[in-house]
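Protein sequences appear in the order of chains A and B.
The UniProt record's numbering numbers the first residue of the first sequence as 1 and each following residue consecutively.
The UniProt record's numbering numbers the first residue of the second sequence as 1 and each following residue consecutively.
The structure appears below as structure tokens.
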Amino acid sequence: MNKKLLSILGPVIIVALMIVFRYLFPNKITFLTEVGIFSIYVMGNNILMGYLGYTSFGQPFYLSVGAYSAAIFFAYFGGNIFLAIIVAIVVGLLLSLVLAPGLMRLKSSYFTLINAALCMIGVFIFERLLIDVTNGNDGLWFRGNMAATPLLDVRYPKNFFFFVLLILLIAFYLYQKMDKSAFGISMKATKANPEKMTFLGYNVFKIRSIGYAISIMMSTLAGSLYAINFGFVNPNLGENTRAIEVLLATLIGGVGSVFGPFFGALGFLGMKDIVSTFMTRWEFVVGVLTIIVLFKFNRGIWGLIEDGAGLVQRGRNKKTVKVGE
Amino acid sequence: MSQNSLLEVNELYVNYGKLAVLFDISLKINTSEVVFLVGRNGAGKTTLFRTIAGFLEPREGEVTFKGDVISGMGAYKIARKGVKYIHQDKSVFGDLTIKENLELSSYATGDYDWEPVFAMFPKLKILLDRKAGKLSGGEKQMLLMGMAIIGKPDLVMMDEPTEGLAPHVIQDLAVSFKEISKTTTLFIVEQNLPIIADIADRVYCMREGKIIVEEGCREDIQDLCFEKHL
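Have a look at this one:
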């Protein structure tokens, strides 16, 4: 399959396979929905890691900001699900506007640590500082406040699954468009050699800030979807110990690729789902498997798929030459 | 500023922290000239280039380009004004194809006409879809020069463009320098004396952070008279 065809059909095939699995394994609908949401979350982190060269230990903070934005909207302002998602994305944008001027001037190691600190601050804010609004550790319940949506009532898990797939499909196409755009190439080039980009006349700070804003908005979007899915949020969602999950999923999938985040999300959650059925401390096995994957296939699952497709293509070309001879 | 002066450096002092590295540097590059900067390792040539390109701020003095003071201005703003700097390490964007590398230059300048680049370096057109990281040293230098001339900059500064390249590649590059100089002013740090003798209009010699000689006579340059100062 050539690249153009892959970019058109790839997202459709992925979504179609998700639907097939949903009907083959009806009891796995929660898992598949989570894969869809987690994919969007990983896509956001992939922009930082794969396109800008920043490792963030603060992604749970952004995720929880999105989740709480939607939850607070439902609890105090209204029941419109679409509006709640838009509110979460806008809050993500505003947050990035506030943080980017400071964070995007930092070296990657400082960026990593400051983001870890943001997680701690976030948990404190949602657990203690805003306790009157968020109910602290008891969490904020709002499922009863969510209003029905026209055509497909996404309050129900079986419908919400399709809604998540629709958002995932849109995210895939926008992500691909970004990847192939001047801006996508500029981000990758900035990661490789920011000084050279400056020689060419690029404002590296601006490129990084826009990339960061997109990343944060994707995380807050994922956060709002988590909130809607569970009908409840609590401060644990933003714990910095959870940062490793999204980082590992990004690595497992293949850093800097368009489809890598989906396969990373599927791979990570799949390993966790399977291992946790026979072992309480699933982290051990998932950790070992992750190390094996990363040592053996450092371009991740997507890299493995690309290499496999390359081998098949080369095999076909050889056959064609022999026939021609 | 004289009528055809493009770049002027006036009484420039540059420090790395507390360490002074450039002292009282003054020079002038006129439009359409090919000017070389020579000197031993550690003389301050690259520091001077980096200061002109905006990566270092002078402690004293100023740099003017087309009459505007550019010292202290952001490096990307200087590049947008028409000063292109090709770094000595020949670093291209290795994970991107040649096409994507050229596109980056086009996006930055708004100039999508690559014909002048392909006319000068036909090999780049053949290798358009190859990853830039897989190119040879000479091909990388061609790509860098191609990227630099997109957008028709007024001044291209090159830091040791022939360093580490095979003799036949250097000969080809010398021809390219002449071609580029027909439309663009060139300011080049170079150690290869035959090239300097062949194409330089003027030569500045640096030693220990100072300009010690300016040689503007073609015959003297061809006879490498400045060599005794190195």
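Built from N, CA and C at the ideal position, the CB exists for glycine as well.
Bear in mind the structure is a predicted one, so any value in this text is a computation, not a measurement.
In terms of residues, what are the limits of the beta strand (DSSP E) holding ASP24/B? 19-30 is the span of the beta strand (DSSP E), which, as asked, contains ASP24/B.
Closer than 7 Å: GLY238/A CB and nearest the ligand ATP heavy atom: Judged by which ligands are present, the structure shown has none, so any question about the ligand ATP falls away.
Can GLY58/A and GLY256/A be called in contact, C-beta distance under 8 Å? By the CB criterion at 8 Å, GLY58/A and GLY256/A fall outside the cutoff.
Taking 8 Å as the threshold (beta carbon to beta carbon), is ILE131/A in contact with chain B? Taking 8 Å as the CB threshold, ILE131/A stays off the interface with chain B.
Near ALA43/B, what residues of its chain come up, given a Cβ to Cβ distance below 8 Å and the 5 sequence neighbours on each side ignored? Excluding residues within five positions, the ones whose Cβ falls inside 8 Å are MET206, ARG207, GLU208, GLY209.
Identify, in the order they occur along the chain, each residue of the same chain with its Cβ nearer than 8 Å to the Cβ of ILE180/B, setting aside the five sequence neighbours on each side. Counting only residues of its own chain and dropping the five nearest sequence neighbours on each side, ILE180/B has a CB closer than 8 Å to the CB of MET120, MET145, ILE149, VAL156, LEU186.
Amino acids of chain B, ordered along the chain, whose beta-carbon sits closer than 7 Å to that of TYR202/A: Correct list: TYR76, ALA108.
Straight-line Cα distance separating ALA117/A from MET18/A: Between the C-alpha atoms of MET18/A and ALA117/A there is a straight-line separation of about 36 Å.
Name, please, each residue of chain A whose Cβ falls closer than 9 Å to the Cβ of LEU96/B. Proximity of chain A to LEU96/B at the Cβ level (cut-off 9 Å) is accounted for by ILE185, LYS188, ALA189, ALA192, in chain order.
C-beta neighbour in chain B for THR220/A, strict 8 Å: Cβ-Cβ to chain B under 8 Å: no for THR220/A.
Within chain B, partners of ALA71/A - CB distance below 9 Å: Per Cβ cutoff of 9 Å: no residues; ALA71/A is ~40 Å from chain B at best.
Just to confirm, is the Cβ distance from VAL42/A to ALA70/A under 8 Å? The criterion of a C-beta distance shorter than 8 Å is not satisfied by VAL42/A and ALA70/A.
So, is the C-beta of PHE199/A closer than 8 Å to a C-beta in chain B? So yes, PHE199/A belongs to the interface.
Count the other CB atoms within 10 Å of the CB of GLU8/B; is the residue buried (16 or more) or exposed (fewer)? Answer is buried; the Cβ neighbour count reaches 16.
Which residues, in chain order, does the segment 57-81 of chain B contribute to contact with chain A at a C-beta distance below 7 Å? Cβ contacts with chain A: ALA75, TYR76, ALA79, ARG80.
One or two residues paired with THR149/A in a DSSP bridge: Looking at the DSSP assignment, THR149/A forms no beta bridge with any residue, so it has no partner.
C-beta neighbour in chain A for PHE93/B, strict 8 Å: Closer than 8 Å to some Cβ of chain A, the Cβ of PHE93/B qualifies, so yes.
Kindly provide the ranges of any alpha helix (DSSP H) runs that are 4 or more residues long and lie completely inside the segment 147-228 of chain B, ordered along the chain. Counting only runs of 4 or more, we get 167-181, 193-199, 218-222.
Whose CA, out of THR183/B, CYS217/B, THR51/B, lies closest to the CA of ASP198/B? Sorting THR183/B, CYS217/B, THR51/B by C-alpha distance to the C-alpha of ASP198/B places CYS217/B at the top.
Reducing DSSP to helix, strand and coil, say where PHE57/A ends up. Looking at PHE57/A - three-state DSSP - the assignment turns out to be coil, as it is neither helix nor strand.
I'd like to know whether the C-beta atoms of residue 326/A and SER215/A end up nearer to each other than 8 Å. In the structure displayed, chain A extends from 1 to 325; residue 326/A sits before or after that span and is not available.
Counterpart residues of residue 243/B in DSSP-defined beta bridges: The structure shown has nothing for residue 243/B, since chain B only spans 1 to 230.
Look at the Cβ atom of GLU34/A, then the Cβ atom of LEU251/A, and state whether they are nearer than 8 Å. No; because the gap between Cβ atoms is not below 8 Å, this pair is not in contact.
Cβ-Cβ separation, ILE207/A to ASN190/A (assumed contact under 8 Å), whole Å: It is Thr, not Asn, that sits at residue 190/A in the sequence shown. Sure, about 5 Å apart at Cβ, within 8 Å.
What residues of chain A sit near ALA132/B, judged by a beta carbon separation below 7 Å? Proximity of chain A to ALA132/B at the Cβ level (cut-off 7 Å) is not reached, the minimal Cβ distance being about 10 Å.
Rounded Cβ spacing between PHE259/A and ARG105/A (contact assumed at less than 8 Å): About 32 Å; that fails the 8 Å criterion.
For residue 233/B, return the contacting residues in chain A, with the cut-off set at a CB-CB distance below 8 Å. One cannot answer for residue 233/B here, as it falls past the ends of chain B, which runs 1 to 230.
To test your reading of the DSSP string, which unbroken beta strand (DSSP E) runs of 3 or more residues are found completely within the segment 92-121 of chain B? Within the segment 92-121 of chain B, no complete beta strand (DSSP E) run reaches 3 residues.
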